[in-house]
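Step one of this worksheet: look at the structure below.
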Amino acid sequence: MTTKANILAALRRENLSVTQLCKQLGVTRNAINLQLKQLQADGLVLALGAKRNGQLGKPALIYQAAPHSEDVASRAYQPFLADLLNVMSDQVQPDVFTDLLEKTGRRMAHNAGLSQPANFEAGLRAAMAAADRLGASTEASLQENGVTMVRNYSCPLGTVVRNQPCVCHAIAAFFSEATGRAVTEQCLRDERLTCQYLIEPV
181 MTTKANILAA LRRENLSVTQ LCKQLGVTRN AINLQLKQLQ ADGLVLALGA KRNGQLGKPA
241 LIYQAAPHSE DVASRAYQPF LADLLNVMSD QVQPDVFTDL LEKTGRRMAH NAGLSQPANF
301 EAGLRAAMAA ADRLGASTEA SLQENGVTMV RNYSCPLGTV VRNQPCVCHA IAAFFSEATG
361 RAVTEQCLRD ERLTCQYLIE PV
């Protein structure tokens with residue numbers, strides 16, 4: 181593991197000072213301080229305050245792993261989601277499954293503050309920015325028939341989509357909720373995934 185990962189792992193076990201981290205990890209104070217600053221900037225580590233250790237001088241700051249910092253090391257989300265969707269598709273009717281996916285996409289947009297846009301252009305820009313923050317790489321183009329196509333070359337749900345292509349309905353519903361218009365998906369699921377969402381004109 182890297183020094184940053186080692187620091188985070190140590191702080192998940194107990195709250196520690198820089199001196200204690202140096203002793204545990206066998207690295208210099210400069211190395212610890214540099215990584216702590218980055219971890220704090222990333223919101224993964226919190227400084228609790230100063231604690232005296234019985235010695236003269238400035239009290240030592242104590243650090244702890246921030247709540248939810250365990251998500252950084254987690255690799256369970258993708259396989260869990262894939263298996264959950266596979267079980268759901270086996271247990272419920274196709275129309276019910278699709279409806280659940282669409283409701284999920286709309287809720288994602290709502291929770292991101294994208295519902296009821298002031299206008300189409302603002303809603304589309306906000307939705308694309310939100311999708312990009314989730315790992316997408318979107319671009320929009322106006323087609324001859326007045327349809328706006330949102331294309332993405334970095335599917336944020338890649339592995340899941342390969343197993344359950346209907347997941348794309350959720351993202352279509354996400355863009356629909358964010359723009360206030362009907363949206364259909366025409367994603368290309370070849371060796372490389374290309375997301376394509378067609379937003380109908382008013």
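Residue numbers for the sequence shown follow the numbering used here, so the first one is 181 and each next one is one higher. In this text, a Cβ means the ideal position worked out from N, Cα and C, and glycines have one as well.
- Shown here, residue 299 sits in coil according to DSSP, grouped into three states, outside any helix or strand.
- Only residues of its own chain outside the window of five on either side were considered, and among them 332, 333, 334 have a CB closer than 8 angstroms to the CB of residue 317, listed in chain order.
- With contacts defined as CB atoms closer than 9 angstroms, residue 216 and residue 225 qualify as a contacting pair.
- When DSSP reads this structure, residue 197 sits in a beta bridge with 242.
- The stretch 274 to 284 makes contact with the stretch 338 to 351, as at least three CB pairs between them are under 8 angstroms.
- Bounds of the beta strand (DSSP E) holding residue 377 are 373 to 379.
- In the displayed model, residue 256 falls within coil according to three-state DSSP, outside both helix and strand.
- For residue 269, the closest of 340, 369, 353, 182 by C-alpha to C-alpha distance is 340.
- In its chain, beyond the 5 residues on either side, 318 have a beta carbon closer than 6 angstroms to the beta carbon of residue 308.
- Cβ neighbours of residue 323 within its own chain (closer than 7 angstroms, five residues either side excluded): 329.
- Around the C-beta of residue 257, fewer than 16 other C-beta atoms lie within 10 Å, and the residue is accordingly described as exposed.
- Looking from the CA of residue 356, the closest CA among 199, 253, 288, 275 belongs to 288.
- About 19 angstroms separates the Cβ atoms of residue 183 and residue 240, ruling out a contact at the 8 angstroms cut-off.
- In the displayed model, residue 363 falls within a strand according to three-state DSSP.
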